[in-house]
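Enquirer: Numbering (full-length UniProt numbering), first residue to last: 1 to 367.
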Ligand SMILES: *Cc1c(COP(=O)(O)O)cnc(C)c1O
């Protein structure tokens with residue numbers, strides 16, 4: 001079926017194992033992040049086979065999918081919970097990441113009502129300006145958590161490089177370690193978790209001599225795509241071939257390289273592409289659109305030049321390639337395209353794994 005997103009579960013397991021083998025000796029555990037694949041339980045299971053310590057996701061619906069499928073691993077909710085969802089959070093998550101006292105109070109009440117204790121990680125704002133408690137308030141919020149009877153203070157965490165592109169380094173990670181020590185000294189507690197960040201932290205870990213108190217990283221992109229979000233390049237030792245998007249050719253025509261007629265400067269999706277070549281182009285249209293992938297985050301495995309994309313069409317310059325209508329074209333994708341493909345109703349997800357049939361090579365298992 002096309003279009004389809006192929007996910008190689010063995011590659012996910014191997015990437016997780018490579019990262020675990022690198023980070024465990026540094027005292028850092030790997031939590032596998034499944035939000036890029038909408039909380040796929042099969043992907044979570046592959047991460048756990050590769051040695052992940054637990055699973056994290058940012059959305060409660062994805063957590064529910066994981067639980068419903070029987071994933072027994074510790075599960076973290078890594079976006080501060082919606083006030084309207086606190087009961088589901090204590091039911092479905094072992095740990096939640098938090099930044100708002102109002103929400104913490106509601107979580108405590110929900111946990112008490114369910115006769116349980118809920119573990120929380122307090123997220124510190126270290127400069128990326130997404131979610132986070134100002135460092136100067138962190139001790140006070142931690143003190144408040146200790147007084148909430150339904151909660152256990154599991155630790156603190158940070159998240160960089162997501163909204164403002166602030167790179168994790170010795171300075172901001174050092175500040176996180178200092179905050180952990182300050183909370184422990186002022187409040188007389190021991191923090192189990194110092195969650196340093198996401199895949200963007202891997203460059204810092206490999207470059208620094210001292211990872212301080214950081215004992216956890218939450219890794220999505222590195223496992224799912226094998227890439228470093230800071231440099232946009234493959235990470236050494238990781239497979240970049242976990243995901244591919246496959247589309248079908250619906251038209252092949254030789255056309256002028258330049259459009260003609262009175263031109264608007266823009267299209268429904270912003271500025272029109274400026275064709276760089278003159279002459280003619282042998283062009284293939286693939287039935288994949290912006291609904292299924294993002295133009296800046298897709299490239300043809302066979303190297304065809306991307307000419308443009310609308311909601312439902314992707315135009316390629318195929319040169320002299322032996323392609324026909326009905327043929328499949330395979331694409332590498334980045335994180336933006338992965339998110340769209342996973343959530344597009346038109347894209348079929350196909351999981352490839354040798355685990356289901358160890359003796360007969362890779363097989364397809366139902367998504
Ligand atoms: C998405 C997310 C992650 C994982 O990020 P990657 O760059 O995919 O590794 C980790 N932590 C939080 C809070 C996130 O929202």
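We treat Cβ as the ideally placed atom computed from N, Cα and C, and that holds for glycine.
Nearest-angstrom Cα distance between residue 44 and residue 54?
Expert: The residue you call residue 44 lines up with position 44 of the chain shown. The residue you call residue 54 lines up with position 54 of the chain shown. Between residue 44 and residue 54, the C-alpha separation is close to 9 Å.
Enquirer: For residue 97, count neighbouring C-beta atoms within 10 Å of its own C-beta (all shown protein chains included) and say buried if the count is 16 or more, exposed if not.
Expert: Residue numbering aside, residue 97 sits at position 97 when the chain shown is read from its first letter. Looking at its Cβ environment, which holds 16 or more other Cβ atoms inside 10 Å, residue 97 is buried.
Enquirer: Is the closest heavy atom of ligand 1 to the C-beta of residue 229 under 7 Å?
Expert: Indexing the chain shown from 1 puts residue 229 at position 229. Checking the Cβ of residue 229 against ligand 1 gives yes.
Enquirer: Short check: CB of residue 75 to CB of residue 216, under 8 Å?
Expert: Walking along the chain shown from the start, residue 75 turns up at place 75. Walking along the chain shown from the start, residue 216 turns up at place 216. No, Cβ-Cβ distance for residue 75 and residue 216 is not below 8 Å.
Enquirer: Ligand 1 heavy atoms versus the CB of residue 239: any closer than 7 Å?
Expert: Translated into the one-based positions of the chain shown, residue 239 becomes position 239. No, Cβ of residue 239 sits at least 7 Å from all heavy atoms of ligand 1.
Enquirer: Please identify the residue among 315, 347, 229 whose C-alpha is closest to the C-alpha of residue 160.
Expert: Counting from 1 along the chain shown, the entry for residue 160 is found at position 160. Ranking the options by Cα distance to residue 160, first place goes to 229.
Enquirer: Using only alpha-carbon positions, find the residue among 115, 347, 15 that is nearest to residue 219.
Expert: Numbered from its first residue, the chain shown carries residue 219 at position 219. Of the listed residues, the one whose Cα sits closest to residue 219 is 15.
Enquirer: Enumerate, from N- to C-terminal direction, the unbroken beta strand (DSSP E) stretches of 3 or more residues contained entirely within the stretch 264-311.
Expert: With a minimum length of 3 residues, the continuous beta strand (DSSP E) runs that stay inside the stretch 264-311 are 280-286, 298-300, 305-309.
Enquirer: What is the rounded straight-line gap between the Cα of residue 122 and the Cα of residue 167?
Expert: On the chain shown, residue 122 is found 122 positions in, with the first residue counted as 1. On the chain shown, residue 167 is found 167 positions in, with the first residue counted as 1. Near 20 Å, if we compare the C-alpha coordinates of residue 167 and residue 122.
Enquirer: Measuring alpha carbon to alpha carbon, tell me which of 258, 286, 288, 265 ends up nearest residue 378.
Expert: The chain is shown from 1 up to 367; residue 378 falls before or after that span and cannot be answered.
Enquirer: Out of 256, 247, 57, point me to the one whose CA is closest to residue 94's CA.
Expert: Position 94 of the chain shown, counted from the start, is the residue given in the question as residue 94. It is 57.
Enquirer: With burial defined as no fewer than 16 other Cβ atoms inside 10 Å of the residue's Cβ, what is the status of residue 115: buried or exposed?
Expert: In the chain shown, counting from the first residue as 1, residue 115 sits at position 115. So residue 115 counts as exposed.
Enquirer: Could you check which residue in 172, 155, 205 has the C-alpha nearest to that of residue 184?
Expert: On the chain shown, position 184 is the one that residue 184 refers to. Ranking the options by Cα distance to residue 184, first place goes to 155.
Enquirer: As a quick exercise: from 70, 332, 245, pick the residue whose alpha carbon is nearest that of residue 1.
Expert: On the chain shown, residue 1 is found 1 positions in, with the first residue counted as 1. Comparing Cα positions, the closest option is 245.
Enquirer: Reducing DSSP to helix, strand and coil, say where residue 350 ends up.
Expert: Working through the chain shown from its first residue, we reach residue 350 at position 350. In this structure, residue 350 counts as strand in the three-state DSSP scheme.
Enquirer: Is residue 129 near residue 158, with beta carbons less than 8 Å apart?
Expert: As a first step, residue 129 must be located in the chain shown, where it is residue number 129. As a first step, residue 158 must be located in the chain shown, where it is residue number 158. No. Outside cutoff.
Enquirer: Just verifying my parser: in three-state terms, what is the DSSP assignment at residue 256?
Expert: In the chain shown, residue 256 corresponds to position 256, counting from 1. Strand, per DSSP.
Enquirer: Which residue comes first and which comes last in the alpha helix (DSSP H) that contains residue 145?
Expert: Mapped onto the chain shown, residue 145 falls at position 145. Counting along the chain, the alpha helix (DSSP H) containing residue 145 begins and ends at 138-146.
Enquirer: Near residue 199, what residues of its chain come up, given a Cβ to Cβ distance below 6 Å and the 5 sequence neighbours on each side ignored?
Expert: Start at 1 with the first residue of the chain shown, and residue 199 comes out as number 199. Excluding sequence neighbours, residue 199 sits near 219, 221, 222, 229.
Enquirer: Taking 6 Å as the limit between beta carbons, can you name the residues of its chain near residue 17, skipping five residues before and five after?
Expert: On the chain shown, position 17 is the one that residue 17 refers to. Only 50, 51 meet the Cβ criterion.
Enquirer: Please go through the same chain and pick out, in chain order, the residues whose beta-carbon is closer than 8 Å to the beta-carbon of residue 132, but skip the five residues on each side of it.
Expert: The sequence position of residue 132 within the chain shown is 132, counting from 1. Closer than 8 Å at Cβ, skipping near neighbours: 99, 123, 124, 125, 126, 158, 159.
Enquirer: Using 7 Å as the cut-off, classify the Cβ of residue 98 as near or not near the heavy atoms of ligand 1, replying yes or no.
Expert: As a first step, residue 98 must be located in the chain shown, where it is residue number 98. Flag unset: Cβ of residue 98 not near ligand 1.
Enquirer: Looking only at C-alpha atoms, which of 231, 316, 287, 310 sits nearest to residue 299?
Expert: For the purposes of this step, residue 299 is taken as the residue at position 299 of the chain shown. For residue 299, the nearest C-alpha among the options comes from 316.
Enquirer: Considering only the beta carbon of each residue, do residue 291 and residue 344 sit closer than 8 Å?
Expert: Locating residue 291 in the chain shown gives position 291, counting from the first residue. Locating residue 344 in the chain shown gives position 344, counting from the first residue. Contact: yes.
Enquirer: Any heavy atom of ligand 1 within a distance shorter than 7 Å of the CB on residue 36?
Expert: On the chain shown, residue 36 is found 36 positions in, with the first residue counted as 1. Yes, Cβ of residue 36 sits closer than 7 Å to a heavy atom of ligand 1.
Enquirer: Is the beta carbon of residue 26 less than 8 Å from the beta carbon of residue 60?
Expert: Residue mapping note: residue 26 aligns to position 26 of the chain shown, counting from 1. Residue mapping note: residue 60 aligns to position 60 of the chain shown, counting from 1. Cβ atoms of residue 26 and residue 60: not closer than 8 Å.
Enquirer: So residue 340 and residue 294 are supposed to be a Cβ contact under 8 Å. How far apart are they, rounded?
Expert: Taking the first residue of the chain shown as 1, we reach residue 340 at position 340. Taking the first residue of the chain shown as 1, we reach residue 294 at position 294. Residue 340 to residue 294, Cβ: 6 Å. Contact.
Enquirer: Would you tell me roughly how many angstroms separate the C-alpha atoms of residue 46 and residue 227, rounded to the nearest one?
Expert: Numbered from its first residue, the chain shown carries residue 46 at position 46. Numbered from its first residue, the chain shown carries residue 227 at position 227. Roughly 18 Å between the two C-alpha positions.
Enquirer: Applying the 10 Å Cβ sphere with the 16-neighbour rule, what's the burial state of residue 9?
Expert: What you label residue 9 is simply residue 9 of the chain shown in a count that begins at 1. So residue 9 counts as buried.
Enquirer: In the DSSP assignment, find the unbroken alpha helix (DSSP H) run with residue 118 in it and report its ends.
Expert: Taking the chain shown and counting its residues from 1, one reaches residue 118 at position 118. Not the alpha helix (DSSP H): residue 118 falls in the beta strand (DSSP E), residues 118-125.
Enquirer: Check whether the Cβ of residue 220 lies closer than 7 Å to any heavy atom of ligand 2, and answer yes or no.
Expert: For ligand 2, the structure offers nothing, since it holds only ligand 1.
Enquirer: Using alpha carbons as the reference points, say which of 270, 304, 325 lies closest to residue 311.
Expert: Here residue 311 refers to the residue found at position 311 when the chain shown is read from its first residue. Of the listed residues, the one whose Cα sits closest to residue 311 is 270.
Enquirer: Taking the alpha carbon of residue 368 as the reference point, which residue from 108, 286, 120, 163 has its own alpha carbon closest?
Expert: It is not possible to answer for residue 368, since the shown part of the chain is limited to 1 through 367.
Enquirer: Examine ligand 1 and report whether any of its heavy atoms sits within less than 7 Å of the Cβ of residue 172.
Expert: For the purposes of this step, residue 172 is taken as residue 172 along the chain shown, with counting starting at 1. Residue 172: no, Cβ never under 7 Å from ligand 1.
Enquirer: So residue 20 is in the alpha helix (DSSP H); what residue range does that whole segment cover?
Expert: Translated into positions along the chain shown, residue 20 becomes position 20. Run containing residue 20: 9-23, per the alpha helix (DSSP H) assignment.
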